[in-house]
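Engineer: So that we are looking at the same thing, I have put the structure below in structure tokens.
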Amino acid sequence: MNALKHFIVGLFFIAALSSQAQTADEIIDTYFENTGGKENWNKLKGVEMIGVMKMQGLEIPFEQLMTKDGKQSTTIEFQGQRMIWAAYDGTTSWSRNQMTMEPEKSDSEATENMKNAAKDWPSPFLNYKEKGYTVELIGKETVDGTETFKVKITKTPLLINGQKQPNISHYYFDTENFVPIVVEEQITEGPMKGQSIKSSISDYQEVNGLYFPFSQSNQFQTMEFKEFKIDPEIAAEKFAFPEKK
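In mature numbering (1 follows the signal peptide of the UniProt record, and there is no 0), the protein residues as written are -21 to -1, 1 to 224.
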């Protein structure tokens, strides 16, 4: 009798896990359906985002490029100068030194993290199983008066000081529209290591059949997007490290 009881309990436990995993997938599927469809997201080759970043009383115009093969670059206008601030060409990751403004290549660890992070575009949830990610529905939670589904996604581990560290994010999906309105991540290095940072995502607008959030903000900065260009033609030098002549 005890064996039968344990067997039945085990079946209920397995069923509960399956139901939860399926519910997480249903939330993700509905999210993509509501924002343009998985087929169209998979067809996306690249995007150019134009906007303004607000931080510490400054307003910095920027242009961000991202491609399906993982390349990305950020161009800013600062103190009358326009410059590529950071980029990744699929092999080399680099950014400008804040003091000298000179470009510097990232170390191998930062480059590997950038390579892995490139898989998150245009969404870490798109084909997440093929990326080796896992998702879990944590439950419902009210965020700023809005009921949400809290979904945990575990991605490729980060490399920090030669050690692999968990790479976990929590996305809060609005239960009405099934789009993320908050992303919660943990800071993994620096003076704020171990603390959580929450980013608010809002103002979803349609661009060529796909819906993008035109506003993203956290306690450090706000990014307001003015324009999204779908599948633009992008010159290779936008990503390349500027070698000294």
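Backbone N, C-alpha and C define an ideal beta-carbon position, used for all residues, glycine too.
Remember, it's a predicted structure, so these values are computed and weren't measured experimentally.
In this structure, how does DSSP classify E83 when only helix, strand and coil are distinguished?
Structural biologist: What you label residue 83 is simply residue 104 of the sequence shown in a count that begins at 1. Reduced to three states, the DSSP call for E83 is strand.
Engineer: If K50 sits next to G69, beta carbons under 8 Å apart, how far is it from one beta carbon to the other, in whole angstroms?
Structural biologist: Position 71 of the sequence shown, counting from 1, holds the residue named residue 50. Position 90 of the sequence shown, counting from 1, holds the residue named residue 69. Contact holds; Cβ gap of about 5 Å.
Engineer: Does the distance from the CB of S181 to the CB of P192 come in under 8 Å?
Structural biologist: Your numbering for residue 181 matches position 202 in the sequence shown. Your numbering for residue 192 matches position 213 in the sequence shown. Result yes, Cβ atoms of S181 and P192 sit closer than 8 Å.
Engineer: Indicate the three-state DSSP secondary structure (helix, strand or coil) for I176 in the structure shown.
Structural biologist: Sequence index remark: in the sequence shown, residue 176 carries index 197 (1-based). Of the three classes helix, strand and coil, the one that applies to I176 here is strand, per DSSP.
Engineer: Can you grab the Cα-Cα spacing for the pair I132 / K110, in whole Å?
Structural biologist: Working through the sequence shown from its first residue, we reach residue 132 at position 153. Working through the sequence shown from its first residue, we reach residue 110 at position 131. When rounded, the distance between both Cα atoms is 12 Å.
Engineer: With a floor of 4 residues, list each alpha helix (DSSP H) that falls wholly inside the stretch 20 to 60, ordered by position along the chain.
Structural biologist: With a minimum length of 4 residues, no continuous alpha helix (DSSP H) run stays inside the stretch 20 to 60.
Engineer: Which stretch, first to last residue, makes up the alpha helix (DSSP H) that contains T125?
Structural biologist: One-based indexing of the sequence shown puts residue 125 at position 146. Element bounds for T125: not the alpha helix (DSSP H) but the beta strand (DSSP E), 125 to 139.
Engineer: What's the call for K134, buried or exposed, on a 16-neighbour Cβ count within 10 Å?
Structural biologist: Counting from 1 along the sequence shown, the entry for residue 134 is found at position 155. By the 10 Å Cβ count, K134 comes out buried.
Engineer: Grab the span of the beta strand (DSSP E) containing I147 for me, first residue to last.
Structural biologist: Mapped onto the sequence shown, residue 147 falls at position 168. That run of the beta strand (DSSP E) goes 142 to 153.
Engineer: For V186, which residues of its own chain have a beta-carbon under 8 Å away from its beta-carbon, when the five flanking residues on both sides are left out?
Structural biologist: Within the sequence shown, the letter at position 207 stands for residue 186. If we look at V186 and ignore the five residues flanking it on each side, its Cβ neighbours are F207, I209.
Engineer: Tell me whether Q10 sits in a helix, a strand or coil according to DSSP, three-state version.
Structural biologist: Here residue 10 is taken as the residue at index 31 of the sequence shown, counted from 1. First, the residue type needs correcting, since residue 10 is Tyr and not Gln in the sequence shown. Of the three classes helix, strand and coil, the one that applies to Y10 here is helix, per DSSP.
Engineer: Helix, strand or coil for D68? Go by DSSP, reduced to three states.
Structural biologist: Locating residue 68 in the sequence shown gives position 89, counting from the first residue. In this structure, D68 counts as coil in the three-state DSSP scheme.
Engineer: Which same chain residues end up closer than 6 Å to E56 when comparing Cβ atoms and leaving out the 5 residues on each side of it in sequence?
Structural biologist: For the purposes of this step, residue 56 is taken as residue 77 along the sequence shown, with counting starting at 1. Answer for E56: P40, listed in chain order.
Engineer: Are the stretch 114 to 124 and the stretch 76 to 91 touching, with three or more C-beta to C-beta distances below 8 Å?
Structural biologist: Touching, no.
Engineer: Can you tell me whether N146 is buried or exposed? The criterion is at least 16 other CB atoms within 10 Å of its CB, across all chains shown.
Structural biologist: Walking along the sequence shown from the start, residue 146 turns up at place 167. Classification of N146: buried, given that the 10 Å Cβ count is 16 or more.
Engineer: Would you kindly work out how many angstroms separate the C-alpha atoms of G173 and F199, rounded to a whole number?
Structural biologist: Taking the sequence shown and counting its residues from 1, the one referred to as residue 173 is at position 194. Taking the sequence shown and counting its residues from 1, the one referred to as residue 199 is at position 220. Going from the Cα of G173 to the Cα of F199 covers about 16 Å.
Engineer: By DSSP's criteria, residue 278 is part of a beta bridge. Which residues make up the other side?
Structural biologist: Because residue 278 is not part of the residues shown, which for the chain are -21 to 224, the question remains open.
Engineer: Which residue comes first and which comes last in the beta strand (DSSP E) that contains E206?
Structural biologist: Counted from its first residue, the sequence shown places residue 206 at position 227. Per DSSP, E206 belongs to the beta strand (DSSP E) from 201 to 209.
Engineer: Could you compute how far the alpha carbon of E126 sits from the alpha carbon of T167?
Structural biologist: Reading the sequence shown from its first residue, position 147 is the one you call residue 126. Reading the sequence shown from its first residue, position 188 is the one you call residue 167. One C-alpha to the other measures close to 28 Å.
Engineer: Would you tell me roughly how many angstroms separate the C-alpha atoms of Q43 and E83, rounded to the nearest one?
Structural biologist: As a working mapping, residue 43 is identified with position 64 in the sequence shown. As a working mapping, residue 83 is identified with position 104 in the sequence shown. Computed Cα separation, rounded: 19 Å.
Engineer: Would you kindly check if the distance between the Cβ of S178 and the Cβ of V158 is under 8 Å?
Structural biologist: Your numbering for residue 158 matches position 179 in the sequence shown. Your numbering for residue 178 matches position 199 in the sequence shown. In this structure, S178 does not lie closer than 8 Å to V158 by Cβ.
Engineer: Thinking C-beta only, is F218 closer than 8 Å to A96?
Structural biologist: Reading the sequence shown from its first residue, position 117 is the one you call residue 96. Reading the sequence shown from its first residue, position 239 is the one you call residue 218. No. Outside cutoff.
Engineer: Excluding the 5 residues flanking T9 on each side, which residues of the same chain have their C-beta closer than 6 Å to its C-beta?
Structural biologist: Numbered from its first residue, the sequence shown carries residue 9 at position 30. So the list reads F157, once near-sequence residues are dropped.
Engineer: In the DSSP assignment, find the unbroken beta strand (DSSP E) run with L116 in it and report its ends.
Structural biologist: Mapped onto the sequence shown, residue 116 falls at position 137. From DSSP, the beta strand (DSSP E) with L116 extends over 113 to 122.
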